[in-house]
Amino acid sequence: MQGVLTGFAVIAVVIAVGYVLGLRGHLGPQGREVLTKLAFHVASPALLFTTLATADLSVVFSSRLLVTALSTAAVAGVFVAVGVVRGWGVGRTTIGALCSGYVNSGNLGIPIAVYVLGDAALVAPVLLFQLVLVTPVAVTLLDLSGGGGRGPLWRMLLTPLRNPIALGSLAGVAVAASGLRIPDAVMDPVTLIGNMSVPAVLLAFGISLCGSTMPMRGVERRPVLLAVALKTVGQPAVAWALASGVFGLRGAQLLDVVVTSALPAAQNLYTYASTYGVGERLARDAILVSTVVSVPVLVGVAAVLG
Numbered sequence: 002m003q004g005v006l007t008g009f010a011v012i013a014v015v016i017a018v019g020y021v022l023g024l025r026g027h028l029g030p031q032g033r034e035v036l037t038k039l040a041f042h043v044a045s046p047a048l049l050f051t052t053l054a055t056a057d058l059s060v061v062f063s064s065r066l067l068v069t070a071l072s073t074a075a076v077a078g079v080f081v082a083v084g085v086v087r088g089w090g091v092g093r094t095t096i097g098a099l100c101s102g103y104v105n106s107g108n109l110g111i112p113i114a115v116y117v118l119g120d121a122a123l124v125a126p127v128l129l130f131q132l133v134l135v136t137p138v139a140v141t142l143l144d145l146s147g148g149g150g151r152g153p154l155w156r157m158l159l160t161p162l163r164n165p166i167a168l169g170s171l172a173g174v175a176v177a178a179s180g181l182r183i184p185d186a187v188m189d190p191v192t193l194i195g196n197m198s199v200p201a202v203l204l205a206f207g208i209s210l211c212g213s214t215m216p217m218r219g220v221e222r223r224p225v226l227l228a229v230a231l232k233t234v235g236q237p238a239v240a241w242a243l244a245s246g247v248f249g250l251r252g253a254q255l256l257d258v259v260v261t262s263a264l265p266a267a268q269n270l271y272t273y274a275s276t277y278g279v280g281e282r283l284a285r286d287a288i289l290v291s292t293v294v295s296v297p298v299l300v301g302v303a304a305v306l307g
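Just so we're aligned, residue 2 is where the sequence shown starts under the working numbering, counting upward by one.
Structure representation (structure tokens):
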């Protein structure tokens, strides 16, 4: 239980600092935009590169990854289907699908993995899956839906290679696969820059809450409700069914996959929404509400399966 509460407390404090900064206007009217651009174009690519460059890629072939991939695809698919029927648009539906299945595996998943599961490496499969596959695909869709796909076919096919998030992820995987060891003189400054990513994202999110209306109101109410329900209830339920019924996982392994699936939507999704100017209210509200709702869910999962 302590791990769940500790992870949420860390996030809450940094978001609260961002809220105060926005309330007092210390960073000026462009503070949130600057932090968002810093995270998206510089800090997050650096963080993804350093994380993946030293990762053990053998986790890609684990049954835990299959559970994560299938549960993510299931809940994202439900949101996409509803989005198509309701006519929510490609960009908005992409953000909603991400909020339905893209878990906070970094700044919340790691401390929870340490305190609840006993090993930070246990969050690696979902982290790698999201960084290597989900993120490049999602930002490519956002690029194309925002007009980035207008032009010749070759330009559309090269869209992932023009995105800093995708580039950071792919470069890190390439280094890990090659076994190359990058000198500390090169890696250390990149690591230092990457360390700005999580604080920048959380501070920008906190600033966005300043002066905002209550969540789950207005035109985004239904998409937010759907995304939160899929994220906090749907994904862990699907993960439990797959892990226990299909892959035969028991004990600690079952607890691992269900806990990681029950994590709330990641804060960096708001960065993507803000950068592309689509679904910002949807991302902000879904992240906020899923984070609050996931607290009792995670405590319940740890109590039942722990």
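The beta-carbon is built from N, C-alpha and C at its ideal position, and this holds for glycine as well.
Item to check | The alpha helix (DSSP H) enclosing Arg222, as first and last residue numbers | outcome: Arg222 to Ala230
Item to check | N-terminal and C-terminal residue of the alpha helix (DSSP H) that Asn105 is part of | outcome: Careful: Asn105 lies outside any alpha helix (DSSP H) and carries neither H nor E.
Item to check | Residues near Val18 in its chain [Cβ-Cβ closer than 7 Å; skip 5 each side] | outcome: Shown here for Val18: same chain residues with a beta carbon closer than 7 Å to its own, the five before and five after excluded, namely Leu204 and Gly207 in chain order.
Checklist entry - Okay, do the stretch 218-231 and the stretch 246-257 touch, 3+ Cβ pairs below 8 Å being the bar? => result No: the two stretches stay apart, fewer than three of their Cβ pairs being nearer than 8 Å.
Item to check | Identity of the residue in Leu6, Ala13 and His42 nearest Tyr277 by Cα | outcome: His42
Checklist entry - For Ala266, which beta-bridge partners are listed by DSSP? => result Val104
Next on the checklist: Quick check on the burial criterion: 16 or more other C-beta atoms within 10 angstroms. Buried or exposed for Ala304?
Outcome noted: exposed
Checklist entry - When we look at the beta-carbon of Gly212 and count the other beta-carbons within 10 Å, is it buried (16 or more) or exposed? => result Burial check for Gly212: the Cβ neighbour count within 10 Å stays below 16, so the residue is exposed.
Next on the checklist: Within a Cβ cutoff of 8 Å, which residues of the same chain sit near Thr51, ignoring the five residues on either side of it in sequence?
Outcome noted: Gly173, Met188, Val191, Thr192 and Gly195
Item to check | Presumed contact (8 Å Cβ cut-off) between Ile288 and Tyr273, rounded CB distance | outcome: Actually they are not in contact, since the Cβ atoms of Ile288 and Tyr273 sit about 11 Å apart, beyond 8 Å.
Checklist entry - So Met188 is in the alpha helix (DSSP H); what residue range does that whole segment cover? => result Asp185 to Gly195 is the extent of the alpha helix (DSSP H) around Met188.
Next on the checklist: When you compare the CB positions of Leu58 and Ala178, do they come within less than 8 Å of one another, or not?
Outcome noted: Yes; because the gap between Cβ atoms is below 8 Å, this pair is in contact.
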